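Here the structure comes first, spelled out in structure tokens, and everything after it is commentary.
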Amino acid sequence: MGRQQRIDMIRQIAELRNSAVLCYITGDRENVNTRIAPDVTQVFYRHLEMIREHDQRQRNQIDLFLYTRGGDVLTPWRLVHLIREYTPRFGVIVPFRCYSAGTLLCLGADEIVMGKMGELGPIDPSVVNAFNPQDPNNPAARIPVNIEDVYSYLALAGEKAGIWGNDQQVKAFTLLVERIHPLALGNVHRNYLLIRSLAKKLLAMHQQPLREGRSEHIVDNLTEKLYAHNHMISRREAAEEITLNVLMPDNKLEQLIWVLYQDYAEEMALSEPFNPAEKLLGSRADFEVTSGIVESLYGLDAFIFSGVVERLDFPEAGKVNVNILKQGWRSII
Amino acid sequence: MKGKLTGRTEERITFNYKTNETKYYLLTEGSGYPLAEFAFSGLTKCEGTKLVVPEHMPKTADVVPPFEE
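Set out below in structure tokens:
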């Protein structure tokens, strides 16, 4: 399928939901991923302006069709504010994966539409900066530190190991600092506070305010009570245990949501690793690959990696070199 | 195939313990998150801090066990 078929599906979803629909896919194709990041904000603005101009349904609701593994945790806050500039009611449609920063974005929505394959994830990000520990298998790389792992260690030291004395707590902390740079730990603590603050503020943006204590229950569940960063939260768990405002679509809507996701997955070849060497017939070839999409009825933007693949004779004969010359969002329509 | 005399099972059983291997990606401040093994002569300074990070992406779909005849 192509854009014309997707437009038909987006239009049908919009009619069923009585909303204006904006689609945002961050590709998780092996070797050429994209993630939620601040540079998408301007792309959203372009589409929201077009929606405002052409689509009366935005006065009722805007639905964001979202597939993502996550990304920058501050961007959802900016995107939810931007979307709410255009509509009194905001929904997120989750066809499949919507992890980490994607789940955070869902917290700012009045309603989360989850199909049977819809998955949310914990909002317990791993943080990385130049002070993070070196990866022993690759000295050029830094190992991300999971925020909840650090707090889990401190809780273990305090509760399970029976370390109650002040001196011993200091010792446990010193042990941690010997392995993780203080500035990396500072970054962990800052993000620990940030993620909870952002989650609560996003929940407070709902059209219908949450009853007392529910916001804390949701945030606690999505941060420290899931115990595994790769925990996949089904729609039933999201609705019944975490108490998110989840809507289970009827069969017609469910099918439309899934077929639309599959079309994006096929167009971006999400299930096939990107290997530019396959395109190499001679010794050099240019390539472009789309790894992210923002689409509405009125336009299409793609995140494109452009580069060159070359087969080298020197220093190692037959070695393939891939050079990314450009990457960024491009307005296609 | 089962041995008639011993009753021992001689069927070959294959266990597939293949896991998703860790790869290294280039983390920038933008949306792009490509494999760090690529060269990036075109990335500008305005793309901010660049860090190489290991990434383990569990696949919940499209993982098909190898079929052996």
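Quick note, the sequences are listed as chains C and X, same order.
Numbering-wise (the working numbering), the first sequence opens with residue 2 and increments by one.
Numbering-wise (the working numbering), the second sequence opens with residue 395 and increments by one.
Note that the Cβ used here is the ideal one computed from N, Cα and C, for glycine as well.
Everything numeric in this text was worked out from a predicted model, so none of it was measured.
With distances taken between CB atoms, is the gap from residue 59 (chain C) to residue 110 (chain C) smaller than 7 Å?
For the purposes of this step, residue 59 (chain C) is identified with residue 58 of the first sequence, where counting begins at 1. For the purposes of this step, residue 110 (chain C) is identified with residue 109 of the first sequence, where counting begins at 1. Cβ atoms of residue 59 (chain C) and residue 110 (chain C): not closer than 7 Å.
Bridge partners - residue 330 (chain C), DSSP secondary structure assignment
If you number the first sequence from 1, residue 330 (chain C) lands on position 329. In DSSP, residue 330 (chain C) forms a bridge with C:304.
Using a C-beta to C-beta distance shorter than 8 Å, which residues of chain X count as neighbours of residue 327 (chain C)?
Mapped onto the first sequence, residue 327 (chain C) falls at position 326. Ordered by position in chain X, the residues that pass the 8 Å Cβ test against residue 327 (chain C) are 436.
What is the C-beta distance between residue 269 (chain C) and residue 119 (chain C), in whole angstroms, given that I count them as a contact (C-beta under 8 Å)?
For the purposes of this step, residue 269 (chain C) is identified with residue 268 of the first sequence, where counting begins at 1. For the purposes of this step, residue 119 (chain C) is identified with residue 118 of the first sequence, where counting begins at 1. So it is not a contact: roughly 19 Å between Cβ atoms.
Whole-Å CB distance - residue 81 (chain C) paired with residue 203 (chain C), under 8 Å assumed
Taking the first residue of the first sequence as 1, we reach residue 81 (chain C) at position 80. Taking the first residue of the first sequence as 1, we reach residue 203 (chain C) at position 202. Sure, about 6 Å apart at Cβ, within 8 Å.
Residue 124 (chain C) versus residue 223 (chain C): straight-line alpha-carbon distance, rounded
Here the question's residue 124 (chain C) lines up with position 123 in the first sequence. Here the question's residue 223 (chain C) lines up with position 222 in the first sequence. Answer to the nearest angstrom: the Cα atoms are 6 Å apart.
N-terminal and C-terminal residue of the beta strand (DSSP E) that residue 41 (chain C) is part of
Numbered from 1 along the first sequence, position 40 holds the residue referred to as residue 41 (chain C). No beta strand (DSSP E) holds residue 41 (chain C); DSSP gives it neither H nor E.
On the criterion of 16 or more Cβ atoms from any shown chain inside 10 Å, does residue 199 (chain C) qualify as buried, or is it exposed?
By one-based count along the first sequence, residue 199 (chain C) stands at place 198. The residue is buried, with at least 16 neighbouring Cβ atoms inside 10 Å.
Please go through the same chain and pick out, in chain order, the residues whose beta-carbon is closer than 6 Å to the beta-carbon of residue 331 (chain C), but skip the five residues on each side of it.
Taking the first sequence and counting its residues from 1, the one referred to as residue 331 (chain C) is at position 330. For residue 331 (chain C), where only same-chain residues beyond five positions count, the Cβ hits under 6 Å are 303 and 305.
From the DSSP secondary-structure annotation, give me the bridge partner or partners of residue 289 (chain C).
Taking the first sequence and counting its residues from 1, the one referred to as residue 289 (chain C) is at position 288. DSSP output for residue 289 (chain C) lists C:307 as bridge partner(s).
Along the region 284-295 of chain C, where does the CB come closer than 9 Å to a CB of chain X? Name the residues.
292 and 293
Consider the Cβ of residue 151 (chain C): report whether some Cβ of chain X lies at a distance smaller than 7 Å.
Taking the first residue of the first sequence as 1, we reach residue 151 (chain C) at position 150. With 7 Å as the cut-off, residue 151 (chain C) does not count as an interface residue toward chain X.
Name the chain C residues that come within less than 9 Å of residue 423 (chain X), Cβ to Cβ?
In the second sequence, counting from the first residue as 1, residue 423 (chain X) sits at position 29. Simply 38, 39, 40 and 73.
Taking C-beta to C-beta, are residue 33 (chain C) and residue 428 (chain X) nearer than 7 Å?
As a position in the first sequence, residue 33 (chain C) is number 32, starting the count at 1. As a position in the second sequence, residue 428 (chain X) is number 34, starting the count at 1. Yes. Within cutoff.
Contacts that residue 136 (chain C) makes with chain X (C-beta to C-beta distance below 7 Å)
Here residue 136 (chain C) refers to the residue found at position 135 when the first sequence is read from its first residue. Those within 7 Å of residue 136 (chain C) in chain X are 448.
Supposed close pair residue 151 (chain C), residue 186 (chain C) - CB separation, criterion 8 Å:
Your numbering for residue 151 (chain C) matches position 150 in the first sequence. Your numbering for residue 186 (chain C) matches position 185 in the first sequence. 7 Å between Cβ atoms; contact.
Taking the DSSP output, what are the residues bridged to residue 131 (chain C)?
As a first step, residue 131 (chain C) is located in the first sequence; it is residue number 130 there, counting from the start. Beta-bridge pairing links residue 131 (chain C) to no other residue.
Compute the Euclidean distance between the alpha carbons of residue 143 (chain C) and residue 326 (chain C), then round it to the nearest angstrom.
Counting from one through the first sequence, the residue named residue 143 (chain C) turns up at place 142. Counting from one through the first sequence, the residue named residue 326 (chain C) turns up at place 325. So the alpha carbons of these two residues sit roughly 24 Å apart.
Taking residue 172 (chain C) as part of the beta strand (DSSP E), name the residues at either end of that continuous run.
Counted from its first residue, the first sequence places residue 172 (chain C) at position 171. Here residue 172 (chain C) belongs to no beta strand (DSSP E); instead the alpha helix (DSSP H) covers 167-180.
Give the straight-line distance between the Cα atoms of residue 192 (chain C) and residue 97 (chain C), rounded to the nearest whole angstrom.
Walking along the first sequence from the start, residue 192 (chain C) turns up at place 191. Walking along the first sequence from the start, residue 97 (chain C) turns up at place 96. Going from the Cα of residue 192 (chain C) to the Cα of residue 97 (chain C) covers about 27 Å.
Taking the alpha-carbon of residue 69 (chain C) as reference, which of C:271, C:283 and C:63 has the nearest alpha-carbon?
Looking up residue 69 (chain C) in the first sequence gives position 68. Comparing Cα-Cα distances from residue 69 (chain C) to each of C:271, C:283 and C:63, the minimum goes to C:271.
Where residue 226 (chain C) sits in the DSSP three-state scheme:
If you number the first sequence from 1, residue 226 (chain C) lands on position 225. Of the three classes helix, strand and coil, the one that applies to residue 226 (chain C) here is coil, per DSSP.
Closer than 7 Å, CB to CB, is residue 35 (chain C) near chain X or not?
The residue labelled residue 35 (chain C) in the question sits at position 34 within the first sequence. Chain X, which has a Cβ nearer than 7 Å to the Cβ of residue 35 (chain C), makes this yes.
Contact with chain X by residue 145 (chain C), beta-carbon distance below 7 Å:
As a first step, residue 145 (chain C) is located in the first sequence; it is residue number 144 there, counting from the start. With 7 Å as the cut-off, residue 145 (chain C) counts as an interface residue toward chain X.
For residue 188 (chain C), would you say it is in contact with chain X, using Cβ-to-Cβ distances shorter than 7 Å as the test?
Position 187 of the first sequence, counting from 1, holds the residue named residue 188 (chain C). With 7 Å as the cut-off, residue 188 (chain C) does not count as an interface residue toward chain X.
Inter-residue Cα distance where the pair is residue 355 (chain C) and residue 180 (chain C):
Any answer about residue 355 (chain C) is impossible in this case: the structure gives chain C only from 2 up to 334.
Measure the C-alpha to C-alpha separation of residue 36 (chain C) and residue 26 (chain C) and round it to an integer number of angstroms.
Position 35 of the first sequence, counted from the start, is the residue given in the question as residue 36 (chain C). Position 25 of the first sequence, counted from the start, is the residue given in the question as residue 26 (chain C). Approximately 9 Å between the Cα atoms of the pair.
Chain-ordered chain X contacts of residue 173 (chain C) [CB-CB under 7 Å]
Here residue 173 (chain C) refers to the residue found at position 172 when the first sequence is read from its first residue. Going along chain X, no residue has its Cβ under 7 Å from residue 173 (chain C), so there is no contact; the nearest lies around 26 Å.
Using C-beta distances below 6 Å, list every residue in its chain close to residue 309 (chain C), excluding the 5 sequence neighbours before and after it, in chain order.
As a first step, residue 309 (chain C) is located in the first sequence; it is residue number 308 there, counting from the start. Contacts found: 287 and 324.
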